[in-house]
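The working numbering applies: residue 1 is where the sequence shown begins, and numbers increase by one.
Glycine residues also receive a C-beta, built at the ideal position from the N, C-alpha and C atoms.
Just so it is clear, the structure is predicted and the values come from calculations on it, not from any experiment.
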Amino acid sequence: MLVSRDSRWLLLVMLLGGALPVHADLFYAPPAPQDDAPKMSGEAELGYTHLSGNSNSRTLLAKGRLTWLTGRHTRTLRGETRSVQENDETSTEQYLLGGRERYELEGPHYLFGFGRWEKDRFSGYDYQLTTIGGYGRQWLDGPTHTLSTEFGPGYRHDAYQDGEEDDLGLAYAALDYRWNISEGAYFEQALSIEAAAPNTTTRSISSLTSQLNSHLALKMSFEVKNNTDPPDNAEANTDRTTSMSLLYSW
Numbered sequence: 001m002l003v004s005r006d007s008r009w010l011l012l013v014m015l016l017g018g019a020l021p022v023h024a025d026l027f028y029a030p031p032a033p034q035d036d037a038p039k040m041s042g043e044a045e046l047g048y049t050h051l052s053g054n055s056n057s058r059t060l061l062a063k064g065r066l067t068w069l070t071g072r073h074t075r076t077l078r079g080e081t082r083s084v085q086e087n088d089e090t091s092t093e094q095y096l097l098g099g100r101e102r103y104e105l106e107g108p109h110y111l112f113g114f115g116r117w118e119k120d121r122f123s124g125y126d127y128q129l130t131t132i133g134g135y136g137r138q139w140l141d142g143p144t145h146t147l148s149t150e151f152g153p154g155y156r157h158d159a160y161q162d163g164e165e166d167d168l169g170l171a172y173a174a175l176d177y178r179w180n181i182s183e184g185a186y187f188e189q190a191l192s193i194e195a196a197a198p199n200t201t202t203r204s205i206s207s208l209t210s211q212l213n214s215h216l217a218l219k220m221s222f223e224v225k226n227n228t229d230p231p232d233n234a235e236a237n238t239d240r241t242t243s244m245s246l247l248y249s250w
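Written as structure tokens, this is what we have:
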């Protein structure tokens with residue numbers, strides 16, 4: 001199932017408009033909200049480059065996130081799309097939609113659950129649907145450093161491009177670290193592992209964000225996704241993305 005060009009731009013408009021918000025982070029729950037945190041907040045991230053002349057290429061990255069608080073619950077909706085075209089040939093086409101919830105327990109402990117739908121045109125999968133739940137712990141929650149880890153079981157439905165399908169159980173673990181370098185700059189590192197019987201998927205995102213004003217920031221990030229045993233028709237087992245984008249938060 002391919003997504004048309006019109007559908008891609010519709011998804012982008014929805015992301016930036018807030019209907020399908022996205023977090024830059026791919027897999028873990030947001031940290032516990034502060035006492036003075038707003039009941040609803042969001043982010044929109046956009047990166048775009050266009051080269052013409054000897055080289056003709058276009059790269060689009062759009063992400064969004066919407067978070068709202070209800071008592072001990074932190075709920076997040078997110079979405080993502082990215083596309084790379086070179087000389088009118090598409091080399092990257094990816095989509096992700098997800099939602100998750102974090103429930104605060106006593107002390108630094110919490111429970112979480114999330115669902116994620118993702119589609120990568122060149123991964124060998126038509127789409128993948130994942131649900132995971134488990135336990136998390138906030139190890140650090142200071143003004144300079146925050147660190148949390150998560151563990152839990154999950155389920156994944158794999159739909160292959162050749163029409164075959166698989167239902168898999170998996171084990172999940174993730175780490176989320178943030179370092180507030182200064183009042184207007186911070187570094188984030190997240191890692192996750194989703195281990196199933198046929199393969200293991202690892203994800204990493206490293207980012208450096210510099211605040212331009214109260215709402216706008218410049219973000220540089222490096223993402224890696226690896227599948228130890230992808231389908232035979234996959235282009236590669238490791239995807240790497242280096243990007244610079246403008247981040248708007250409210």
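Does the beta-carbon of residue i have 16 or more other beta-carbons within 10 angstroms, so that it is buried, or is it exposed?
i, result
"L66", "buried"
"F112", "buried"
"F222", "exposed"
"G154", "buried"
"A236", "exposed"
"G64", "buried"
"P198", "exposed"
"Y125", "buried"
"I205", "buried"
"Y95", "buried"
"T76", "buried"
Of all the options the options, which has the alpha carbon lying nearest to the alpha carbon of residue i?
i, options, result
"Q189", "A195, S182, D88, T209", "T209"
"E330", "L216, I181, N233", "Because the chain is modelled from 1 through 250, residue 330 falls outside the range shown and cannot be assessed."
"S123", "S249, Y172, T242, K225", "K225"
"R78", "W117, P108, L175", "W117"
"T131", "T49, G99, D120", "G99"
"F50", "R240, E86, S41", "Checking the displayed sequence, the identity of residue 50 turns out to be His instead of Phe. Closest option to H50, Cα to Cα, is E86."
"Y110", "L129, H73, Y186, S207", "H73"
"R240", "R203, S182, R156, L247", "R203"
"L170", "Y177, F151, G184", "F151"
"Y172", "G136, I181, T146, Y186", "G136"
"P108", "T146, T238, A195, K119", "T146"
"P230", "D120, Y186, L191", "D120"
"Y177", "R156, E183, T149, N56", "T149"
"A196", "L168, S182, N56", "L168"
"S192", "S182, A174, W179", "A174"
Span of the beta strand (DSSP E) holding residue i?
i, result
"Y196", "In the sequence as presented, Tyr is not what sits at residue 196; that position holds Ala. Note, A196: beta strand (DSSP E), 185-196."
"A234", "A234 -> no beta strand (DSSP E), and no H or E assigned at all."
"W250", "From DSSP, W250 is part of no beta strand (DSSP E); its letter is neither H nor E."
"L105", "It is not in any beta strand (DSSP E) - L105 carries neither H nor E in the DSSP assignment."
"D88", "It is not in any beta strand (DSSP E) - D88 carries neither H nor E in the DSSP assignment."
"F112", "109-120"
"Q211", "200-211"
Any idea which residues DSSP pairs residue i with across the strands?
i, result
"W179", "H145, F187"
"A44", "G64, Y248"
"S243", "S221"
"G133", "G113"
"T228", "DSSP lists no partner for T228."
Subject >> Inter-stretch contact at 8 Å, needing at least 3 Cβ pairs: the stretch 138-146 / the stretch 163-171 >> reply: no
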